[in-house]
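Trainee: If you read the protein sequences in the order shown, they are chains A and B.
Quick note, the first sequence lines up with residues 10 to 248 if you use our numbering.
Quick note, the second sequence lines up with residues 10 to 248 if you use our numbering.
Where a beta carbon is used, it is the ideal one built from N, C-alpha and C, also for glycine.
My structure is below; once you've seen it, I'll send some questions.
2 protein chains.
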Amino acid sequence: MTGVVRDPYAYDGRSRCRPVEPMTSHPATGVGRERQRDADRTKAEILEIATREFARHGYTGARVDEIAALTRTTKRMIYYYFGGKEQLYTAVLEKAYAEVRATERALDVDHLGPVEAIRTLAELTFDHHEAHPDFIRLVSIENIHHAEHIRTSPVLASLGTPALDLITRILEAGRESGDFTASADATDVHMAISSFCFFRISNQHTFHALFGRDLTAAKHRTRHRRMLGDMIVAYLTGT
Amino acid sequence: MTGVVRDPYAYDGRSRCRPVEPMTSHPATGVGRERQRDADRTKAEILEIATREFARHGYTGARVDEIAALTRTTKRMIYYYFGGKEQLYTAVLEKAYAEVRATERALDVDHLGPVEAIRTLAELTFDHHEAHPDFIRLVSIENIHHAEHIRTSPVLASLGTPALDLITRILEAGRESGDFTASADATDVHMAISSFCFFRISNQHTFHALFGRDLTAAKHRTRHRRMLGDMIVAYLTGT
DNA sequence: TAAATAACTTACTAGTCCGTACATTATGAG
DNA sequence: CTCATAATGTACGGACTAGTAAGTTATTTA
Numbered sequence: 010m011t012g013v014v015r016d017p018y019a020y021d022g023r024s025r026c027r028p029v030e031p032m033t034s035h036p037a038t039g040v041g042r043e044r045q046r047d048a049d050r051t052k053a054e055i056l057e058i059a060t061r062e063f064a065r066h067g068y069t070g071a072r073v074d075e076i077a078a079l080t081r082t083t084k085r086m087i088y089y090y091f092g093g094k095e096q097l098y099t100a101v102l103e104k105a106y107a108e109v110r111a112t113e114r115a116l117d118v119d120h121l122g123p124v125e126a127i128r129t130l131a132e133l134t135f136d137h138h139e140a141h142p143d144f145i146r147l148v149s150i151e152n153i154h155h156a157e158h159i160r161t162s163p164v165l166a167s168l169g170t171p172a173l174d175l176i177t178r179i180l181e182a183g184r185e186s187g188d189f190t191a192s193a194d195a196t197d198v199h200m201a202i203s204s205f206c207f208f209r210i211s212n213q214h215t216f217h218a219l220f221g222r223d224l225t226a227a228k229h230r231t232r233h234r235r236m237l238g239d240m241i242v243a244y245l246t247g248t
Numbered sequence: 010m011t012g013v014v015r016d017p018y019a020y021d022g023r024s025r026c027r028p029v030e031p032m033t034s035h036p037a038t039g040v041g042r043e044r045q046r047d048a049d050r051t052k053a054e055i056l057e058i059a060t061r062e063f064a065r066h067g068y069t070g071a072r073v074d075e076i077a078a079l080t081r082t083t084k085r086m087i088y089y090y091f092g093g094k095e096q097l098y099t100a101v102l103e104k105a106y107a108e109v110r111a112t113e114r115a116l117d118v119d120h121l122g123p124v125e126a127i128r129t130l131a132e133l134t135f136d137h138h139e140a141h142p143d144f145i146r147l148v149s150i151e152n153i154h155h156a157e158h159i160r161t162s163p164v165l166a167s168l169g170t171p172a173l174d175l176i177t178r179i180l181e182a183g184r185e186s187g188d189f190t191a192s193a194d195a196t197d198v199h200m201a202i203s204s205f206c207f208f209r210i211s212n213q214h215t216f217h218a219l220f221g222r223d224l225t226a227a228k229h230r231t232r233h234r235r236m237l238g239d240m241i242v243a244y245l246t247g248t
């Protein structure tokens, strides 16, 4: 008799949560011993390790066995919860993007004038890329695969684009105030900012190998952060 | 008795050329029949197919068997000429970079004033990225692997940086003429230009999936090309 | 407490993939 | 023409890798 009754290979994207109790005390002892079996903890741990491994080695390069070995659980659980390597990878992407979007939603530059607002947004985008190199690697990897996992994920389709919406509002305000001369498109500006922020992380290794400059070094980071703001503002305020 | 006497797995990076005779006529017939055995043609064909396969699938994702199947020769020859998957990949990178540098060396903007010179350079860089998506994918892939193959390649270390040298000269001229106010660093400007050009190709798939915009569409390409020039010039001429 | 089921483990398999041993043939030199 | 050797083909092995079958234990629910 098999112990698993519901479809054991289905990952439905929803969390099978009990009421949140991250450190359940053991029913017998009553003291703060962790539950030996905890679906949420196990799933979270798999996702965390998988994120690192996929970011490090790419989709094909990452090994299911290795991911399993790095968790406190076994490979079988990956298939139990996620269904397979590909679905695990998709789940990793979904989680990573969800976190990014959440950060973007927290952006608040409403109290600033358009020029300072766009500069601040650019700098925060800069900082955010700096702080999440694994995410950037995942995006690079996903592009190698023609974004096929992102394209087919309903979760990712419904995340919205907080940063883009914010830029749209800033540009409108700038045009009304007369600060921004150019009739710049919000998506274009977003792309320009993203390019700069993304490249210095994503291409740091080839850049260093070819030009001998470590783009992540503090002195360059500070200068580039200002440079990005200067460049975007110069472009929008026109000449 | 083995037919191979010299080290069969060594790829020395030099070409084992006979005097160039791309279409040797058959000694017997005299008509333009290709030589059945042609080391240079075989090597070139392997490199060409390998470039495509590595660009498409990444280093780990590319299959030696598949590369061999797509050529008119066999897997054995890949090992005969290149030594292994990794050396083949390095050879692919070396060839791709050599071609890029050659294009860069052909850049000529000496007849232009600084402002038009930097704009033209930016636009040509833009066009060049547009024309070589496989190269861009290879660079992305190499960054996933921390540029370990580029770092250890003596060939790539000695290629120089024609584009960067050119920017250095343009910036000097611009400062002397007074057109460029900012004391911008040449490497920074190169990075800014590269970022923009690289990103719209490398990240086109995730960008399209998330923002619904095809960055390679003609109408956007034309606008972005101008936008890049505008942005760099605005930055350098200051506000 | 007992039954039901969710959570987890072990051991295995079928297929893939890089690399190689060995055999063979075309080609150019003398 | 003949011989040395560069160039190529065939067939296979051994390690790896995604995925699975079958069984066990903890936890919850009634």
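(1) Identify whether A:R85 lies in helix, strand or coil by the three-state DSSP scheme.
(2) For B:K104, collect the residues of the same chain with a Cβ closer than 8 Å to its Cβ; drop the 5 residues on either side in sequence, then sort them by chain order.
(3) Using CA atoms only, rank isn't needed, just tell me which of B:F216, B:M236, B:R85 and B:L245 is closest to A:H155.
(4) Spell out whether any CB of chain A is found under 9 Å from the CB atom of B:E75.
(5) Whose Cβ in chain B lies nearer than 7 Å to the Cβ of A:E62?
(6) Look at the alpha carbon of A:R160 and the alpha carbon of A:A166, and state the distance between them as a whole number of angstroms.
(7) Could you tell me whether any Cβ in chain A is nearer than 9 Å to the Cβ of B:H233?
(8) Say whether chain A places a C-beta atom closer than 9 Å to the C-beta of B:L133.
(9) Assuming contact is defined by CB atoms lying nearer than 9 Å, are A:G122 and A:S186 in contact in what I supplied?
(10) Which parts of the region 139 to 177 of chain B are runs of the alpha helix (DSSP H), unbroken and 4 residues or longer, counting only runs that do not cross its ends?
(11) State the Cα-Cα distance for the pair A:N152 and A:A126, rounded to the nearest angstrom.
(12) Reducing DSSP to helix, strand and coil, say where A:F96 ends up.
(13) Under 8 Å: does the beta carbon of A:L219 sit that close to some heavy atom of the ligand SAH?
(14) Can you grab the Cα-Cα spacing for the pair B:T69 / A:G70, in whole Å?
(15) With 16 other CB atoms within 10 Å as the buried threshold, where does A:G8 fall?
(16) Does the region 68 to 88 of chain B come into contact with the region 135 to 142 of chain B, if we say contact requires no fewer than three beta-carbon pairs (one atom in each stretch) closer than 8 Å?
(17) So, helix, strand or coil for B:V124, using DSSP?
(18) Among the residues of its own chain, which have a CB less than 8 Å from the CB of A:H66, if the five just before and after it don't count?
(19) Between B:G93 and chain A, is any beta-carbon pair separated by less than 9 Å?
(20) Listed in chain order, which residues of the region 207 to 219 of chain B have Cβ atoms closer than 9 Å to some Cβ of chain A?
(21) Using a Cβ-Cβ cut-off of 9 Å, state whether B:A107 counts as contacting chain A.
(22) Between the region 110 to 128 of chain B and chain A, which residues of the former have a C-beta closer than 9 Å to a C-beta of the latter?
(23) At 9 Å on the CB atoms, spell out the chain B contacts of A:I159, in chain order.
(24) Buried or exposed, going by whether 16 or more other CB atoms sit within 10 Å of the CB of A:G93?
(25) Quick test of the definition: if touching needs 3 or more C-beta pairs under 8 Å, does the region 173 to 180 of chain B touch the region 228 to 238 of chain A?
(26) Contact criterion: CB-CB distance below 9 Å. Does A:Y98 meet it with respect to chain B?
(27) DSSP on B:L251, reduced to helix/strand/coil?
(28) Could you tell me whether the Cβ atoms of B:L245 and B:L175 are closer together than 9 Å?
(29) Let me know the secondary structure DSSP gives A:R184 once reduced to three states.
(30) How should A:K228 be labelled, buried or exposed, when 16 other C-beta atoms within 10 angstroms of its C-beta is the threshold for buried?
(31) Classify B:H120 as buried or exposed, calling it buried when 16 or more other Cβ atoms lie within 10 Å of its own Cβ.
(32) Evaluate A:A226 with the Cβ neighbour count: other Cβ atoms within 10 Å of its Cβ, from every protein chain shown; 16 or more gives buried, anything less gives exposed.
(33) Run through chain B and tell me which residues come within less than 8 Å of A:L173, C-beta to C-beta.
(34) Where does B:D223 fall in DSSP's three states?
(35) Which residues in chain A sit within 8 Å of B:E151, going by Cβ to Cβ distance?
(36) DSSP state of A:R46, grouped into three classes?
Mentor: Per the coordinate set shown:
(1) Within the first sequence, residue 85 of chain A is the residue found at index 76, counting from 1. If DSSP states are grouped into helix, strand and coil, A:R85 belongs with the helices.
(2) Position 95 of the second sequence, counted from the start, is the residue given in the question as residue 104 of chain B. Excluding residues within five positions, the ones whose Cβ falls inside 8 Å are L56 and T60.
(3) In the first sequence, counting from the first residue as 1, residue 155 of chain A sits at position 146. The option with the nearest alpha carbon to A:H155 is B:F216.
(4) Numbered from 1 along the second sequence, position 66 holds the residue referred to as residue 75 of chain B. No, B:E75 does not count as interfacial toward chain A.
(5) Along the first sequence, one-based indexing puts residue 62 of chain A at 53. Here the premise fails: no neighbours, minimum Cβ distance about 12 Å.
(6) Taking the first sequence and counting its residues from 1, the one referred to as residue 160 of chain A is at position 151. Taking the first sequence and counting its residues from 1, the one referred to as residue 166 of chain A is at position 157. Roughly 8 Å between the two C-alpha positions.
(7) Position 224 of the second sequence, counting from 1, holds the residue named residue 233 of chain B. Yes - at least one Cβ of chain A is within 9 Å of the one on B:H233.
(8) Here the question's residue 133 of chain B lines up with position 124 in the second sequence. By this cut-off, B:L133 is not an interface position.
(9) Within the first sequence, the letter at position 113 stands for residue 122 of chain A. Within the first sequence, the letter at position 177 stands for residue 186 of chain A. Contact flag set, yes.
(10) 142 to 153, 157 to 160 and 163 to 166
(11) Walking along the first sequence from the start, residue 152 of chain A turns up at place 143. Walking along the first sequence from the start, residue 126 of chain A turns up at place 117. Those two C-alpha atoms are separated by around 30 Å.
(12) Numbered from 1 along the first sequence, position 87 holds the residue referred to as residue 96 of chain A. Per the sequence shown, the amino acid found at residue 96 of chain A is Gln instead of Phe. Three-state result, A:Q96: helix.
(13) With respect to the ligand SAH, the structure shown offers nothing to examine, as it has no ligands at all.
(14) To locate residue 69 of chain B, count along the second sequence from 1; it is residue 60. To locate residue 70 of chain A, count along the first sequence from 1; it is residue 61. Separation of B:T69 and A:G70 (C-alpha to C-alpha, rounded to the nearest whole angstrom) is 5 Å.
(15) Because residue 8 of chain A is not part of the residues shown, which for chain A are 10 to 248, the question remains open.
(16) no
(17) By one-based count along the second sequence, residue 124 of chain B stands at place 115. B:V124: helix per DSSP, three-state reduction.
(18) In the first sequence, counting from the first residue as 1, residue 66 of chain A sits at position 57. Correct list, in chain order: R72.
(19) Looking up residue 93 of chain B in the second sequence gives position 84. No, B:G93 does not count as interfacial toward chain A.
(20) The residues in question are F207, F208, R209, S211, N212, Q213, H214, T215, F216, H217, A218 and L219.
(21) Working through the second sequence from its first residue, we reach residue 107 of chain B at position 98. So, not an interface residue.
(22) none
(23) One-based indexing of the first sequence puts residue 159 of chain A at position 150. The answer, in chain order, is H214, T215, A218 and L219.
(24) By one-based count along the first sequence, residue 93 of chain A stands at place 84. A:G93 is exposed by the Cβ-count criterion.
(25) no
(26) Within the first sequence, the letter at position 89 stands for residue 98 of chain A. So, not an interface residue.
(27) Missing from the structure shown is residue 251 of chain B; chain B here goes from 10 to 248 and no further.
(28) What you label residue 245 of chain B is simply residue 236 of the second sequence in a count that begins at 1. What you label residue 175 of chain B is simply residue 166 of the second sequence in a count that begins at 1. Not closer than 9 Å, so no.
(29) The sequence position of residue 184 of chain A within the first sequence is 175, counting from 1. Helix, per DSSP.
(30) Taking the first residue of the first sequence as position 1, residue 228 of chain A is located at position 219. Classification of A:K228: exposed, given that the 10 Å Cβ count is below 16.
(31) If you number the second sequence from 1, residue 120 of chain B lands on position 111. Answer is exposed; the Cβ neighbour count stays below 16.
(32) Position 217 of the first sequence holds residue 226 of chain A. Exposed.
(33) For the purposes of this step, residue 173 of chain A is taken as the residue at position 164 of the first sequence. The answer, in chain order, is F220.
(34) Start at 1 with the first residue of the second sequence, and residue 223 of chain B comes out as number 214. In the structure shown, B:D223 sits in coil (DSSP, three-state: anything other than H, G, I, E or B).
(35) Here residue 151 of chain B refers to the residue found at position 142 when the second sequence is read from its first residue. What B:E151 touches in chain A: H214 and T215.
(36) Counting from one through the first sequence, the residue named residue 46 of chain A turns up at place 37. If DSSP states are grouped into helix, strand and coil, A:R46 belongs with coil.
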